[in-house]
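For reference, the structure discussed in these notes is given below.
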Amino acid sequence: MLAATLSTGWFLENAWLIPLVPAIGFLFIIFFGKKMPQNGSEIGIVSIGISLAIAIGATFQWIDRVNSASGGGEHTATGFFGTLRAIFPSATETGEHAASFVEPVVKSWTWWQSGGLEFGLGQHIDGLSIMLLLLVTFISFLVQIYSTEYVSGDRRYTHFFASLTLFSAGMLVMVLAENMLQLILGWEIMGLCSFMLIGHWWEEEANSRAALKAFFTVRVGDVGLLVGTAIIFFGANDWAVEHGSNGFSIRGISAWALSGEASQSVLFWGGVALFIASIGKSGQFPLHTWLPDAMAGPTPVSSLLHSSTMVVAGVFLVARLYPVFFVGFDILDTSVNFITIIGGITIIVAAALAFVQDDIKKVLAYSTVSQLGYMMLGLGVGAWLPAVFHIFTHAFFKCALFLGAGSISHSGSHHSFDMKKDMGGLAKKMPITAATWMVSTAALCGIPFFSGFFSKDEIIDNASHNGYQFFYYLALVGAFMTPAYMTRATYLTFFGKPRGAAAGEHHDDGHDDAHGGAHADHDDHHGDAHDDHGAHDDHGAHHGPHESPWRITAPLIVLSILAIGSGYLNAPAFGTHYFTDWVEPVGVEVALDDGYDYASSEDEHASVVLAAVQAEETDGYSSEAKGCGFADPADGTVCYAPKLSHATFSWSKAMPSIILVFAGILFSAWVCMGIYGDRKNPLVGLTSKFAPARWVHTLLVNKYYLDHLYEKIIVFAFAHPIAKAAYWVNQNILDGIVDSVGRGGRATGEWVYRNVDQRVVDGAVNASGLAASEGGHALQPVQSGKVNQYGALLFGAATVGAIVLILVNI
Amino acid sequence: MYAVNFLILAALLFAIGVFGVIARRNAVMVLMSIELILNSVNLNLIAFAMMNNSPEGHVFALYVIAVAAAEVGVGLAMVLMIYRNRRSIALDELSVMKG
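What follows is the structure, given as structure tokens:
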């Protein structure tokens with residue numbers, strides 16, 4: 000264990016290139032995209048591809064680094080195969096030893112300086128950021144390939160790819176942020192790009208309204224981010240500067256939060272403010288309303304937004320600054336806290352809303368909100384790793400589900416997303432889409448052996464393990480609701496009788512245009528088919544439901560394979576915990592050399608000291624009972640992560656959720672067949688017969704009236720008087736000032752015109768002209784033309800000159 | 000000082016020349032009067048050069064002679080042209096240059 004030298008590598012050291020390449024790619028697309036043969040999409044794909052390659056390389060080297068830290072440097076992995084061998088050591092080997100601290104690869108460059116403060120840009124590469132870097136680049140890559148087919152022929156094709164690429168770059172900047180300012184930078188880039196992408200088809204007013212709604216709703220939370228960053232900075236800066244860092248550095252903040260010297264109230268209010276930012280960005284209750292409306296954007300955008308970027312940003316923020324929340328909210332010491340409340344409410348509220356949606360993408364949107372609630376709940380109950388693991392697995396299956404919905408609308412339902420009007424019975428027509436959908440749905444529902452089971456069940460299990468009993472039951476209710484609404488969506492989409500466009504019908508009744516703006520030429524063609532009834536059947540065969548082309552199905556297949564496979568990285572049921580080893584920051588005390596600058600991690604010496612401290616600790620006394628996050632670290636050491644315990648998996652503990660999942664599926668299938676199919680059952684017509692059921696239904700259809708609350712009441716009550724007051728101020732004060740300044744200016748101008756310009760300037764000019772003219776007339780007789788007179792004048796003048804000369808000289 | 004004699008002579012010549020320029024009607028006589036003025040100046044230059052024992056005055060006088068020759072050439076040509084056009088060289092009848 001002693002003197003473990005951490006391995007590093009080119010990819011790890013240069014991980015900052017990962018966001019830089021797409022950012023440069025964005026500029027290239029903007030300036031040269033339209034001239035390229037593929038209208039710029041190839042630049043986007045190549046730049047994301049390069050990032051993906053670097054991210055993969057960095058992932059391998061990170062795993063190598065983790066193994067070199069825990070394996071005591073016994074292997075010296077050289078080259079690719081050495082790395083591979085190092086990645087998958089036998090399970091017993093990784094399980095035995097106590098996990099040891101893995102120094103993140105931190106780099107920082109000064110961005111700007113102000114008032115003695117240095118604001119840096121850099122990278123903070125640890126397991127969490129490596130995982131998200133890989134995830135974001137991978138998903139972005141697939142989504143870009145998918146988009147080349149999905150938005151082909153769009154009038155803003157080039158700009159779509161530019162925004163998509165910058166969007167990924169923004170997320171990547173945030174993920175490897177070394178300090179809070181860089182994190183805010185990436186966060187805001189994403190906010191901007193989400194606005195551009197959601198409002199991509201802004202010709203429809205609904206779309207541009209949705210984009211504005213998304214932007215402004217998230218901005219409400221963004222205020223929290225700025226306030227939280229400021230609170231944390233002023234709390235942490237003094238301590239952090241003393242320890243060789245600053246109050247913006249993520250490492251500095253983490254260490255400060257766990258140092259025991261941080262004020263509890265500063266941590267609490269900083270945590271509250273930062274969590275409000277997460278609520279806005281990650282669509283938590285009550286700011287989740289923008290997320291379903293964001294479905295107005297093109298489907299690839301929804302898919303990217305809802306799987307690995309944007310909405311994950313809020314969860315990432317909490318996971319990244321976990322020590323702040325851990326200490327600030329007393330996680331593990333209380334049976335309820337702010338994060339769990341919000342997460343728990345979100346799970347139930349969003350899942351309930353998913354039952355009454357007709358739009359397939361909105362079902363998925365509420366499902367995302369609900370799953371984000373799970374992640375937040377996981378973080379709130381101290382299940383950091385399961386929550387992060389749920390980000391990882393959720394990204395794959397939710398991306399696959401969204402891309403599947405896009406595939407259906409692209410090839411199956413004629414650009415409609417309405418499950419009741421235009422879908423049904425698509426399983427036979429679109430086998431690949433249907434199969435990938437089923438796999439991803441199974442993963443989302445948490446059916447055993449699919450990835451969602453391993454991550455979600457861990458969250459539920461840990462909620463109980465860490466003493467959050469109430470939220471354990473809440474999560475179980477969510478586990479029942481998730482499969483129920485997904486079964487409803489699956490039934491409406493893929494089973495039953497084909498309806499509307501899925502049955503090959505054509506209709507131009509407007510609502511397919513909502514998402515069909517990009518396909519204007521397609522629709523024109525379609526209109527021709529309507530006029531020409533003789534050729535209608537041929538066109539019907541062509542336009543009816545069919546499987547999508549490979550650029551759509553290939554990403555679907557890859558993602559659905561990962562929807563199964565990604566869970567096995569951390570499947571306690573099978574004794575695998577690679578994900579835990581690679582991603583979880585180890586909560587041990589780390590020695591801090593005096594003057595050791597942990598903004599640059601090049602110092603090998605520190606690693607040696609660190610290992611020595613660990614060795615001492617494992618032999619010592621306090622490591623079992625207490626640890627980081629529970630007791631203050633010893634002098635000269637700091638903690639970067641709280642020491643978290645994990646619930647041990649057992650099938651008996653997983654049983655309730657498994658039973659509830661299957662119960663949900665069966666119950667929902669039974670109800671769906673009753674309502675949408677031919678079977679009779681007593682629940683049909685419940686909403687018309689039974690008043691409370693009708694009230695609930697109305698409440699859900701109206702989304703708990705939250706939109707009404709925001710738009711009619713809050714906006715009206717606050718914004719309306721403010722607007723009126725602002726108008727009054729504008730009319731009477733600002734305009735008054737402007738008007739009087741204008742009038743005064745005019746009067747001054749007139750006076751200047753009359754007196755200065757007309758009299759002084761023009762007077763001088765005219766007078767000099769007049770004088771010259773009169774002088775000329777007066778001297779005219781001298782020019783007699785007589786040579787003798789000229790001679791007389793000449794000599795007379797010479798004589799006068801001579802006399803003057805003589806007089807002067809005397 | 001015997002130089003005074005030269006200067007008095009030069010002054011007389013100058014006065015005669017000026018009188019000629021102002022009073023004579025004949026253009027050729029005016030030109031000749033100008034020659035008188037120039038030569039009076041030459042006389043002054045040489046007188047002062049002898050007084051100061053320096054050769055610059057002589058050199059200047061030679062220049063003035065050369066310039067005077069050219070000037071007389073041009074002047075006579077003009078007088079000739081005026082005579083051809085008007086059959087007269089009386090200056091008091093000439094007022095074309097009146098401004």
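Quick note, the sequences are listed as chains A and B, same order. Counting along the first sequence from 1, when you hit position 278 you're at 277 in numbering that gives the first Met the number 0, and nothing is skipped either side. Counting along the second sequence from 1, when you hit position 38 you're at 37 in numbering that gives the first Met the number 0, and nothing is skipped either side. Backbone N, C-alpha and C define an ideal beta-carbon position, used for all residues, glycine too. Since this is a predicted model, take the numbers as computed values, not measurements.
Identify the continuous beta strand (DSSP E) that holds residue i and give its terminal residues.
i, result
"residue 123/A", "116–124"
"residue 636/A", "636–638"
"residue 288/A", "Looking at the DSSP string, residue 288/A is not in any beta strand (DSSP E), and its letter there is neither H nor E."
"residue 105/A", "104–113"
Under 7 Å Cβ-Cβ, which residues of chain B neighbour residue i?
i, result
"residue 791/A", "21"
Just to make sure I have the definition right: I need the residues of chain A whose C-beta is within less than 8 Å of the C-beta of residue i. Which are they?
i, result
"residue 37/B", "Residues of chain A passing the Cβ test: none, with the nearest at roughly 14 Å."
With a cut-off of 8 Å on the beta carbons, I'd call residue i and residue j a contact; round off their distance for me.
i, j, result
"residue 49/A", "residue 160/A", "In fact, because the Cβ distance is near 15 Å, the residues do not count as touching under 8 Å."
"residue 63/B", "residue 40/B", "6 Å"
"residue 479/A", "residue 659/A", "4 Å"
"residue 367/A", "residue 305/A", "4 Å"
"residue 482/A", "residue 667/A", "7 Å"
"residue 57/A", "residue 14/A", "5 Å"
"residue 326/A", "residue 257/A", "7 Å"
"residue 388/A", "residue 454/A", "5 Å"
"residue 324/A", "residue 317/A", "6 Å"
"residue 139/A", "residue 303/A", "6 Å"
"residue 385/A", "residue 461/A", "6 Å"
"residue 276/A", "residue 220/A", "5 Å"
"residue 586/A", "residue 641/A", "5 Å"
Can you pull the chain A neighbours of residue i, defined as C-beta to C-beta under 7 Å?
i, result
"residue 17/B", "794"
Quick one: which chain A residues come within Cβ less than 9 Å of residue i?
i, result
"residue 95/B", "784"
Given that residue i touches chain B, what residues does it touch there, using C-beta distances under 9 Å?
i, result
"residue 787/A", "20, 21, 22, 23, 24, 29, 90, 91"
Does any residue of chain C have a CB that is nearer than 7 Å to the CB of residue i?
i, result
"residue 668/A", "The chain labelled as chain C is not found among the protein chains of the depicted structure, namely A and B."
Under DSSP, the alpha helix (DSSP H) around residue i begins and ends at which residues?
i, result
"residue 723/A", "719–727"
"residue 491/A", "468–493"
"residue 749/A", "734–750"
"residue 556/A", "549–564"
"residue 854/A", "Outside the displayed span of chain A (0 to 809) sits residue 854/A, for which this structure offers no information."
"residue 789/A", "786–808"
"residue 435/A", "430–444"
"residue 421/A", "418–421"
"residue 393/A", "383–406"
Is the stretch 228–239 of chain A close to the stretch 163–173 of chain A, with three or more CB pairs under 8 Å? When Cβ pairs closer than 8 Å are counted between the two stretches, the stretch 228–239 of chain A is seen not to touch the stretch 163–173 of chain A, the count staying below three.
Contact between the stretch 389–409 of chain A and the stretch 557–566 of chain A: three or more CB pairs below 8 Å? yes
Does the stretch 305–312 of chain A come into contact with the stretch 331–346 of chain A, if we say contact requires no fewer than three beta-carbon pairs (one atom in each stretch) closer than 8 Å? Note that the stretch 305–312 of chain A does not touch the stretch 331–346 of chain A; fewer than 3 beta-carbon pairs, one per stretch, sit closer than 8 Å.
Give, in chain order, every unbroken run of the alpha helix (DSSP H) that is at least 4 residues long and sits entirely within the stretch 304–368 of chain A. 310–319, 321–327, 337–353
For the 8 Å Cβ check, are there 3 or more pairs between the stretch 198–218 of chain A and the stretch 139–146 of chain A? As far as the Cβ criterion goes, the stretch 198–218 of chain A does not touch the stretch 139–146 of chain A, which means the pair count is below three.
Mind listing, in chain order, the continuous alpha helix (DSSP H) runs of no fewer than 4 residues lying wholly within the stretch 635–675 of chain A? 650–675
Assess contact between the stretch 352–366 of chain A and the stretch 284–297 of chain A, defined as three or more Cβ pairs (one per stretch) separated by less than 8 Å. Is contact present? yes
Evaluate contact between the stretch 257–265 of chain A and the stretch 223–234 of chain A, counting only Cβ atoms and requiring at least three cross-stretch pairs below 8 Å. yes
Where are the alpha helix (DSSP H) runs, 4 residues long or more, that stay fully inside the stretch 168–252 of chain A, in chain order? 179–197, 204–241
With contact counted as at least three CB pairs below 8 Å, one residue from each stretch, are the stretch 184–191 of chain A and the stretch 125–145 of chain A in contact? Under the Cβ criterion (8 Å, minimum of three pairs), the stretch 184–191 of chain A does not count as touching the stretch 125–145 of chain A.
Are the stretch 277–291 of chain A and the stretch 149–163 of chain A touching, with three or more C-beta to C-beta distances below 8 Å? No, the stretch 277–291 of chain A is not in contact with the stretch 149–163 of chain A.
Count Cβ pairs between the stretch 18–32 of chain B and the stretch 47–60 of chain B that sit closer than 8 Å; are there 3 or more? The stretch 18–32 of chain B vs the stretch 47–60 of chain B: no contact.
Should the stretch 471–478 of chain A be regarded as contacting the stretch 415–427 of chain A, the criterion being three or more beta carbon pairs within less than 8 Å? no
Under 8 Å, with one C-beta from each stretch per pair, do the stretch 117–130 of chain A and the stretch 577–584 of chain A reach the 3-pair mark? The stretch 117–130 of chain A vs the stretch 577–584 of chain A: in contact.
What runs of the alpha helix (DSSP H), each 4 residues or longer, lie entirely inside the stretch 40–66 of chain B? none
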